[in-house]
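Visitor:
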Amino acid sequence: MCDDAIGRVAGAELGNPRQRRWGLVLAGVAGGAVFALYAVAVPFVLPAFRAACLPFVPATEKQLANVFSLLRGRRGRLADIGSGDGRIVIAAAKHGFHATGFELNPWLVWYSRFRAYHQGVQSCARFHKVDLWKVNFAEYDNIIIFGVPQMMKDLARKLEGELKSDTRVVACRFPFPTWTAKWTVGESGDAAWAYDLADACSGSSKIHQQPSDS
Numbered sequence: 001m002c003d004d005a006i007g008r009v010a011g012a013e014l015g016n017p018r019q020r021r022w023g024l025v026l027a028g029v030a031g032g033a034v035f036a037l038y039a040v041a042v043p044f045v046l047p048a049f050r051a052a053c054l055p056f057v058p059a060t061e062k063q064l065a066n067v068f069s070l071l072r073g074r075r076g077r078l079a080d081i082g083s084g085d086g087r088i089v090i091a092a093a094k095h096g097f098h099a100t101g102f103e104l105n106p107w108l109v110w111y112s113r114f115r116a117y118h119q120g121v122q123s124c125a126r127f128h129k130v131d132l133w134k135v136n137f138a139e140y141d142n143i144i145i146f147g148v149p150q151m152m153k154d155l156a157r158k159l160e161g162e163l164k165s166d167t168r169v170v171a172c173r174f175p176f177p178t179w180t181a182k183w184t185v186g187e188s189g190d191a192a193w194a195y196d197l198a199d200a201c202s203g204s205s206k207i208h209q210q211p212s213d214s
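Next comes the structure, spelled out in structure tokens:
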């Protein structure tokens, strides 16, 4: 390229301040959008990479059906440990429970509250941002947990020291290795186990495939 051509290109790039300003504005908007997306997305996915936290994996319709088949005939206060986007707590409220979700991810807590309000069950579906290991579950009659294998033994010990003897605990995806389930339903990733605490800890329960209507 000759010197005159180079000069014309350089003059065009340096001599148009409006284009430069718009370029900076667009770059700033793009950078802000990327940062906002990162800020929103990271809290949703980061727990999956921390062994101490429950990963956010939404429950399927089949899993929800299995959970509430194991709670058939039950009433009272219900806690969902690691409540994610709130779908189990909201469904529990619609089934007549006073349900509370405990979730460490603040974005999921806010989203769950919005969903509960939108579906008109905010009076019976509550959500708290809290570490599950700092909650005492003594006041609850029913507990739901979508856990991971690494936490189930420690959680069992915690619940044994806090829950009433007639509390029912429903574990999804992974069972409690030290407890004996009263009921089990579903297969593979949809499997769920129901434990009546007094029997589960003593090992006196016999596992049945499907709870009866009673």
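Take the sequence shown: its position 149, counting from 1, is numbered 149 in the working numbering, and each next residue is one higher. Even glycine gets a Cβ: it sits at the ideal position worked out from N, Cα and C.
What is the C-beta distance between I81 and I145, in whole angstroms, given that I count them as a contact (C-beta under 8 Å)?
Guide: 4 Å
Visitor: Opposite H128 in the DSSP bridges: which residues?
Guide: Answer is F102.
Visitor: Hey, how far is the Cα of H128 from the Cα of T100?
Guide: Using only the alpha carbons, I get a separation of about 8 Å.
Visitor: Going along the chain, which unbroken runs of the alpha helix (DSSP H) with 4 or more residues stay wholly within the segment 157-196?
Guide: Segments of the alpha helix (DSSP H) lying fully in the segment 157-196: there are none.
Visitor: Going along the chain, which residues of its own chain have a beta-carbon closer than 6 Å to the beta-carbon of W193, five neighbours each way excluded?
Guide: A171, P175, A181 and T184
Visitor: Drop a sphere of 10 angstroms on the beta-carbon of V45, count the other beta-carbons inside from all chains shown, and report buried for 16 or more, exposed for fewer.
Guide: Because V45 sits at a pLDDT of 41, beneath the cut-off of 50, its placement in the model cannot be relied upon, and the point is left open.
Visitor: DSSP three-state call for F97: helix, strand or coil?
Guide: coil
Visitor: Count the other CB atoms within 10 Å of the CB of T167; is the residue buried (16 or more) or exposed (fewer)?
Guide: buried
Visitor: What residues in its chain sit with their C-beta under 7 Å from that of P177, if we drop five residues either side in the sequence?
Guide: M152 and K153
Visitor: Quick check on S83: buried or exposed, where buried means 16 or more other Cβ atoms within 10 Å of its Cβ?
Guide: buried
Visitor: What do you get for D85, buried or exposed, if any count of 16 or more other CB atoms within 10 angstroms of its CB means buried?
Guide: Buried, because 16 or more other Cβ atoms sit within 10 Å of the Cβ of D85.
Visitor: Helix, strand or coil: how does DSSP classify A116 here?
Guide: helix
Visitor: Determine the DSSP secondary structure at D85, reduced to helix, strand or coil.
Guide: coil
Visitor: If you measure from the beta carbon of I81 to each beta carbon in chain B, is any gap under 9 Å?
Guide: Considering every chain present, this structure includes no chain B. It has just one protein chain.
Visitor: Taking 9 Å as the cut-off, decide whether the C-beta atoms of L132 and F97 are in contact.
Guide: no
Visitor: For C124, I'd like the list of residues in its chain whose CB is within less than 6 Å of its CB, leaving aside the five on either flank, ordered along the chain.
Guide: A93 and H98
Visitor: Leaving aside the five residues before and after I90 along the sequence, list all residues of the same chain whose C-beta is less than 7 Å from its C-beta, in chain order.
Guide: R115, A116, Q119, V121 and A125
Visitor: What are the boundary residues of the beta strand (DSSP E) that includes N142?
Guide: Where N142 is concerned, the enclosing beta strand (DSSP E) starts and stops at N142 to F146.
Visitor: Could you please give me the residues that DSSP links to L70 through a beta bridge?
Guide: Partner(s): none; L70 has no beta bridge.
Visitor: May I have the straight-line CA-CA distance separating F137 from V67, to the nearest angstrom?
Guide: 19 Å
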